[in-house]
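Visitor: So that we are looking at the same thing, I have put the structure below in structure tokens.
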Amino acid sequence: MRDSLRARLETSAKRYAQLQQELSDPATLADQSRYRSLSGEFARLAPIVEQYRQYASCRQELQEISDLDGEPDAAMQALVVDERRQLQQRLRTLEERVNQLLIVSDPYDSCNAFLEVRAGTGGEEAALFAGDLFRMYSRYAERSGWRLEPLAHHESGRGGFREAVARICGQDVYAKLKFESGTHRVQRIPQTESQGRIHTSAATVAVLPEADAVDGITMSSEDLRIDRFRASGSGGQHLNKTDSAVRITHLPTGLVVECQNERSQHRNKEQALALLHARLLDMEQRRRNEQETSLRRSLIGSGDRSERIRTYNFPQSRVTDHRIGLTLHTLHDILDGELDSVIEPLQREHQAAQMAHHDGGD
């Protein structure tokens, strides 16, 4: 194992021990936001530290068995050789596991996520496609046992969406959906096309991790303008009779978020603030990524919403992910929420790219 990697693991082990103490501190227990944050970090470090401890123990055993080299008894020497061979194999396996756990760990993988789908170029057909994508993610969430909470949507005239925003809660939501950000393109014959010509339109998708406000992202009340208005669209008569919807503008950046799904104005404000925090975090991550472009270029795209990542070709029932050259002829299954056939290859390619970058950079 390289010295640099061992140093990182020692640091992780020390941090793990520190977290154990902090999590048992009554002051930490009293601050639920801090407790959740530290618990998440503790859970992420636990498998890494456990594997490293096994690695260190195996390494110690190998050292002890090596001290028996030169035994005059032939039978004992044969046992030493066999034991050493097994320990060396186990050591290589443990090092590989530790290395992979350390490299591919993303602090936001276990987070819930905000999903934003917006119609792009293509007019009404783009809005219909945005609706198709939103339903695709809704069905995937259902298949995964997640909970999807619509926050805001703006319908088009023919049943599509100009914009749809939702919060998705469940296990490893962001880990599964984080590669969906970007421009999705569709090629099909619109229902309004009388001459059977194939049209191309697009929609953009953004997936943002919902993280606790402990990421260095702060929101001062003086920086926020909060407007209340009546919700529009489907949702029942109650929504149209009360000013329950909330729109928040972050004055320093100009970011605007809104939530109109809940009947409670307080709940809508709470959800909108969480979405605003996620967008500010996303903005800060993009700023940092511009300073660390070498790694991002080696991974699965940039996450930029202007980047074309996937094409859905209806005449050929084909879905192509341009980042990894993946082509599948199961378009209708994928739109019905069977997304693992796309997501799992992306995750494997991402892990392989990270490992290759790390091996070349150390």
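Position in the sequence shown (from 1) plus 1 gives the number in the working numbering.
Yeah, the Cβ is synthetic: ideal placement off N, Cα and C, and Gly gets one too.
Can you name, in chain order, every residue of its own chain whose Cβ lies under 6 Å from the Cβ of Q87, other than the five neighbours on each side?
Guide: There are no such residues.
Visitor: My output table needs one value for F130: the three-state DSSP class, helix, strand or coil.
Guide: In this structure, F130 counts as helix in the three-state DSSP scheme.
Visitor: Whose C-alpha, out of H267, R119, Q348 and S40, is nearest the C-alpha of F162?
Guide: When each option's Cα is compared against that of F162, the closest is R119.
Visitor: Shortest alpha-carbon distance to L336 belongs to which of A204, T328 and F135?
Guide: Of the listed residues, the one whose Cα sits closest to L336 is F135.
Visitor: Relative to the C-alpha of V283, which candidate in E117, R37, A57 and E84 has its C-alpha closest?
Guide: According to the sequence displayed, residue 283 carries Asp and not Val. The option with the nearest alpha carbon to D283 is E117.
Visitor: Hey, which unbroken runs of the beta strand (DSSP E) at 3 residues or more fall wholly within the stretch 152-220?
Guide: Segments of the beta strand (DSSP E) lying fully in the stretch 152-220: 162-170, 183-189 and 200-211.
Visitor: Judging by CA-CA distance, which residue of Q89, H185, P108 and R287 is the nearest neighbour of E42?
Guide: The option with the nearest alpha carbon to E42 is P108.
Visitor: In three-state terms, what does DSSP make of D337?
Guide: In this structure, D337 counts as coil in the three-state DSSP scheme.
Visitor: Where does E271 sit, in a helix, a strand or coil, going by DSSP?
Guide: It is helical.
Visitor: Considering only residues of the same chain and omitting the five flanking positions on each side of Y17, which have a CB-CB separation below 6 Å?
Guide: If we look at Y17 and ignore the five residues flanking it on each side, its Cβ neighbours are L46 and V50.
Visitor: Bridge partners of T250, per DSSP?
Guide: DSSP output for T250 lists R226 and V257 as bridge partner(s).
Visitor: Helix, strand or coil, according to DSSP, for E62 in the structure here?
Guide: Helix.
Visitor: Could you check where the beta strand (DSSP E) with T321 kicks off and where it finishes?
Guide: R319 to D322 is the extent of the beta strand (DSSP E) around T321.
Visitor: Give me, in chain order, the residues of the same chain whose beta-carbon lies closer than 8 Å to that of Q188; leave out the 5 immediate sequence neighbours on both sides.
Guide: Excluding residues within five positions, the ones whose Cβ falls inside 8 Å are I199, H200, T201, T312, Y313, N314, F315 and P316.
Visitor: Given 8 Å as the limit, is there contact between the stretch 135-147 and the stretch 78-94, that is, 3 or more CB pairs closer than that?
Guide: No, because fewer than three Cβ pairs between the stretch 135-147 and the stretch 78-94 fall closer than 8 Å, the two stretches do not touch.
Visitor: Flag this pair as yes or no: are the beta carbons of V258 and L276 separated by less than 8 Å?
Guide: Against a cut-off of 8 Å, the Cβ pair of L276 and V258 comes out as a contact.
Visitor: By alpha-carbon positions, which one of Q348, Q101 and H185 ends up nearest to I310?
Guide: Ranking Q348, Q101 and H185 by Cα distance to I310 puts H185 first.
Visitor: Quick check: what's the CA-CA separation for L152 versus N262?
Guide: Cα to Cα, L152 sits roughly 5 Å from N262.
Visitor: Following the continuous beta strand (DSSP E) through T328, name the residue where it begins and the one where it ends.
Guide: Start and end: L327 to L329.
Visitor: For N262, which of helix, strand or coil comes out of DSSP?
Guide: Of the three classes helix, strand and coil, the one that applies to N262 here is coil, per DSSP.
Visitor: For A204, which residues from the same chain have a beta carbon less than 7 Å from its beta carbon, with the 5 sequence-adjacent residues on both sides left out?
Guide: If we look at A204 and ignore the five residues flanking it on each side, its Cβ neighbours are V118, R119, A120, G121, A127, F130, A131, L134 and H185.
Visitor: What are the partner residues of F115, as DSSP defines its beta bridges?
Guide: DSSP lists R168 and L209 as partners of F115.
Visitor: Quick one, are the C-beta atoms of L95 and Q55 less than 8 Å apart?
Guide: Yes, the pair counts as a contact, with Cβ atoms nearer than the cut-off.
Visitor: Go to T29, then tell me how far its alpha helix (DSSP H) extends in each direction, as first and last residue.
Guide: Here the alpha helix (DSSP H) through T29 covers P27 to A31.
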